[in-house]
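Participant: Take this structure first; my questions come after.
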Amino acid sequence: MPIRIRSPRFRFTVSVGLAATLLIASCAGKDQPTATADKSDSSSSQDAGEERGLGSNPTATTQPSDPLPEPVQQLEFDASEYTFAISPDPSAGIRPGWTLINFHNIGAEPHQVMFARLKDGVDMAELAAAGANDSSGAGAIAFVDMIGGVSYIDAANDTTALVHLPEGTVMAMCYVPDAKGVAHALMGMSTVLNVSATAAVAAATPPALNEPVLGSIEMTSEGYQLPERLTTGWYHVKNTDTALHELALMRLAEPIPPDEVEAFVADLANNIVPDIELDAVGGMGAMSAGFDGYLHLNFEPGDYLAVDFMPDPGDPRPHMLDGYYRTFTVEAS
Ligand SMILES: [Cu+2]
Numbered sequence: 250m251p252i253r254i255r256s257p258r259f260r261f262t263v264s265v266g267l268a269a270t271l272l273i274a275s276c277a278g279k280d281q282p283t284a285t286a287d288k289s290d291s292s293s294s295q296d297a298g299e300e301r302g303l304g305s306n307p308t309a310t311t312q313p314s315d316p317l318p319e320p321v322q323q324l325e326f327d328a329s330e331y332t333f334a335i336s337p338d339p340s341a342g343i344r345p346g347w348t349l350i351n352f353h354n355i356g357a358e359p360h361q362v363m364f365a366r367l368k369d370g371v372d373m374a375e376l377a378a379a380g381a382n383d384s385s386g387a388g389a390i391a392f393v394d395m396i397g398g399v400s401y402i403d404a405a406n407d408t409t410a411l412v413h414l415p416e417g418t419v420m421a422m423c424y425v426p427d428a429k430g431v432a433h434a435l436m437g438m439s440t441v442l443n444v445s446a447t448a449a450v451a452a453a454t455p456p457a458l459n460e461p462v463l464g465s466i467e468m469t470s471e472g473y474q475l476p477e478r479l480t481t482g483w484y485h486v487k488n489t490d491t492a493l494h495e496l497a498l499m500r501l502a503e504p505i506p507p508d509e510v511e512a513f514v515a516d517l518a519n520n521i522v523p524d525i526e527l528d529a530v531g532g533m534g535a536m537s538a539g540f541d542g543y544l545h546l547n548f549e550p551g552d553y554l555a556v557d558f559m560p561d562p563g564d565p566r567p568h569m570l571d572g573y574y575r576t577f578t579v580e581a582s
């Protein structure tokens with residue numbers, strides 16, 4: 250059974266962790282082959298905490314489903330305190346393209362994996378300076394493209410995602426904090442993946458998935474747009490806004506009274522354990538503008554909260570405090 254989130258403080262730790270982890274990346278990447286073109290030329294966010302006034306009732310949408318891309322490789326991530334065991338061994342070669350991530354939380358604490366690619370031409374000295382002088386990490390975000398992953402998920406849970414790994418230096422990181430609030434990434438839960446089309450290939454090509462995509466979940470300037478009907482299966486998650494967003498999904502033990510949702514979300518953002526028990530059931534890790542990925546979601550009937558803990562570059566304020574959240578209900582089918 251999922252374990253209750255003990256303290257949702259991790260995003261404030263995240264910021265510190267990101268700066269430090271990027272410093273590690275700046276060292277680790279120095280001797281690596283030059284990164285080549287990315288699949289997406291997304292620009293960094295210019296949306297500095299603008300009041301969005303979302304949260305209550307973004308328009309539900311239905312979209313024609315697109316086919317699930319066939320992955321070029323499959324990686325198993327076993328997450329525990331405080332490391333990723335990745336198989337096959339990524340040092341033997343990671344190729345670019347859609348990658349099936351089978352994420353297993355085999356530890357005792359919640360974990361996640363977020364992938365961040367260092368932007369081409371990043372000045373390592375500049376990055377190190379930004380990380381060293383910015384304890385929020387919001388400045389360091391400008392040096393990477395966040396390309397998705399698996400959001401916060403409770404112990405003893407598994408989840409599956411398709412992430413498009415671009416060529417270059419990609420960090421795989423967990424920012425969930427320990428009981429003292431120290432990000433797992435600072436305790437070793439961070440791995441550098443060198444993604445190269447010319448590298449030896451470690452991972453065998455997985456069998457074709459041949460599974461339908463049930464719908465799209467979009468992170469827009471107006472908030473999360475969800476299909477009218479949610480059930481267990483694959484979803485295409487797209488960031489169509491100009492800002493960085495994530496889709497962190499919490500299953501609620503009971504619905505939040507509508508007039509209390511804003512305060513509930515503010516408590517989450519401010520590290521106050523809410524009155525209503527909630528389970529972290531995964532979602533899509535942070536995505537820069539223009540990126541997309543796929544998630545296999547187990548939508549058991551019940552009440553949910555989707556929240557975006559991410560800040561804008563240069564501003565540590567999480568988007569959820571500006572209304573980037575919504576509650577929704579999954580009906581029994
Ligand atoms: Cu972790």
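Per the working numbering, the very first residue in the sequence shown carries number 250; after that it's consecutive.
Cβ coordinates follow ideal geometry from the N, Cα and C atoms, glycine included.
For residue 567, does the count of other Cβ atoms within 10 angstroms reach 16, so buried, or fall short, so exposed?
Facilitator: Your numbering for residue 567 matches position 318 in the sequence shown. Per the 10 Å Cβ criterion, buried.
Participant: Pull up the distance between the alpha-carbon of residue 398 and that of residue 429, whole angstroms please.
Facilitator: In the sequence shown, the residue the question calls residue 398 occupies position 149. In the sequence shown, the residue the question calls residue 429 occupies position 180. Distance between the alpha carbons of residue 398 and residue 429: 25 Å.
Participant: I think residue 423 touches residue 522, with their Cβ atoms under 8 Å apart; what is that distance to the nearest whole Å?
Facilitator: Here residue 423 refers to the residue found at position 174 of the sequence shown. Here residue 522 refers to the residue found at position 273 of the sequence shown. With a Cβ gap of about 21 Å, residue 423 and residue 522 do not count as contacting.
Participant: DSSP three-state label for residue 381, please.
Facilitator: Translated into the one-based positions of the sequence shown, residue 381 becomes position 132. With a pLDDT of 45 at residue 381, under the threshold of 50, the predicted position of this residue should be treated as unreliable, and no value is reported.
Participant: Below 8 Å CB to CB, which residues in the same chain sit around residue 541 once its five sequence neighbours on both sides are set aside?
Facilitator: Start at 1 with the first residue of the sequence shown, and residue 541 comes out as number 292. So the qualifying residues of the chain are 397, 413, 485, 486, 487 and 488.
Participant: Regarding residue 425 and ligand 1, is the C-beta to nearest heavy atom distance less than 8 Å?
Facilitator: As a working mapping, residue 425 is identified with position 176 in the sequence shown. When distances are taken from the beta-carbon of residue 425 to the heavy atoms of ligand 1, the shortest one is below 8 Å.
Participant: Are the beta-carbon atoms belonging to residue 325 and residue 356 less than 9 Å from one another?
Facilitator: Position 76 of the sequence shown, counted from the first residue, corresponds to residue 325. Position 107 of the sequence shown, counted from the first residue, corresponds to residue 356. Their beta carbons are not under 9 Å apart, which means residue 325 does not touch residue 356 by this criterion.
Participant: Would you mind giving the Cβ-Cβ distance between residue 570 and residue 455, rounded to the nearest angstrom? I have them listed as a contact below 8 Å.
Facilitator: On the sequence shown, position 321 is the one that residue 570 refers to. On the sequence shown, position 206 is the one that residue 455 refers to. Residue 570 to residue 455, Cβ: 40 Å. No contact.
Participant: Can we count residue 438 as close to ligand 1, meaning its CB is less than 8 Å from some heavy atom?
Facilitator: Numbered from 1 along the sequence shown, position 189 holds the residue referred to as residue 438. Answer for residue 438: yes, Cβ within range of ligand 1.
Participant: Alpha carbon to alpha carbon, how far is residue 473 from residue 490?
Facilitator: Here the question's residue 473 lines up with position 224 in the sequence shown. Here the question's residue 490 lines up with position 241 in the sequence shown. If you take the alpha carbons of residue 473 and residue 490, they lie about 10 Å apart.
Participant: Going by DSSP in three states, residue 327 sits in which element: helix, strand or coil?
Facilitator: Counting from one through the sequence shown, the residue named residue 327 turns up at place 78. Strand, per DSSP.
Participant: From residue 503 to residue 578, what does the alpha carbon distance come to, in whole angstroms?
Facilitator: Stepping through the sequence shown from its first residue, residue 503 is reached at position 254. Stepping through the sequence shown from its first residue, residue 578 is reached at position 329. Between residue 503 and residue 578, the C-alpha separation is close to 10 Å.
Participant: So, does the stretch 544-556 touch the stretch 429-443, judging by three or more C-beta pairs under 8 Å?
Facilitator: no
Participant: Tell me the DSSP bridge mates of residue 557?
Facilitator: Your numbering for residue 557 matches position 308 in the sequence shown. Bridge partners of residue 557: none, in fact.
Participant: Exposed or buried, residue 409, counting other C-beta atoms within 10 Å across all chains shown (16 or more means buried)?
Facilitator: Counted from its first residue, the sequence shown places residue 409 at position 160. By the neighbour-count rule (16 or more Cβ atoms within 10 Å), residue 409 is buried.
Participant: If we call anything under 9 Å between Cβ atoms a contact, is residue 514 one with residue 574?
Facilitator: Numbered from its first residue, the sequence shown carries residue 514 at position 265. Numbered from its first residue, the sequence shown carries residue 574 at position 325. Yes, these two residues count as a Cβ contact at 9 Å.
Participant: Find the nearest neighbour of residue 400 within the set 392, 421, 394 and 469, judged by alpha-carbon distance.
Facilitator: What you label residue 400 is simply residue 151 of the sequence shown in a count that begins at 1. When each option's Cα is compared against that of residue 400, the closest is 421.
Participant: In terms of alpha-carbon separation, which member of 576, 463, 347 and 539 lies closest to residue 591?
Facilitator: The structure shown has nothing for residue 591, since the chain only spans 250 to 582.
Participant: Tell me, which residues are paired with residue 364 by DSSP?
Facilitator: The sequence position of residue 364 within the sequence shown is 115, counting from 1. 421.
Participant: Where are the alpha helix (DSSP H) runs, 4 residues long or more, that stay fully inside the stretch 492-527, in chain order?
Facilitator: Taken in chain order, the complete alpha helix (DSSP H) segments of 4 residues or longer contained in the stretch 492-527 are 510-518.
Participant: Could you give the uninterrupted runs of the beta strand (DSSP E) lying entirely in the stretch 422-446, keeping only those of 3 residues or more?
Facilitator: 439-444
Participant: Give me the DSSP bridge partner(s) of residue 468.
Facilitator: As a position in the sequence shown, residue 468 is number 219, starting the count at 1. DSSP output for residue 468 lists 473 and 488 as bridge partner(s).
Participant: To which residues does DSSP link residue 355 through a beta bridge?
Facilitator: Reading the sequence shown from its first residue, position 106 is the one you call residue 355. DSSP lists no partner for residue 355.
Participant: Within this structure, are the beta carbons of residue 564 and residue 468 separated by less than 9 Å?
Facilitator: Looking up residue 564 in the sequence shown gives position 315. Looking up residue 468 in the sequence shown gives position 219. When the beta-carbon positions are compared, residue 564 and residue 468 stay at least 9 Å from each other.
Participant: Using the beta-carbon count (16 or more within 10 Å), is residue 437 buried or exposed?
Facilitator: Along the sequence shown, one-based indexing puts residue 437 at 188. With fewer than 16 Cβ atoms within 10 Å of its Cβ, residue 437 is classed as exposed.
Participant: Below 7 Å CB to CB, which residues in the same chain sit around residue 318 once its five sequence neighbours on both sides are set aside?
Facilitator: Locating residue 318 in the sequence shown gives position 69, where the first residue counts as 1. Answer for residue 318: 347 and 411, listed in chain order.
Participant: Which of the three DSSP states is assigned to residue 540 in this structure?
Facilitator: By one-based count along the sequence shown, residue 540 stands at place 291. Three-state DSSP puts residue 540 in coil, outside helix and strand.
Participant: Any heavy atom of ligand 3 inside 8 Å of the beta-carbon of residue 542?
Facilitator: Looking for ligand 3 in the displayed structure turns up nothing; the ligands present are ligand 1.
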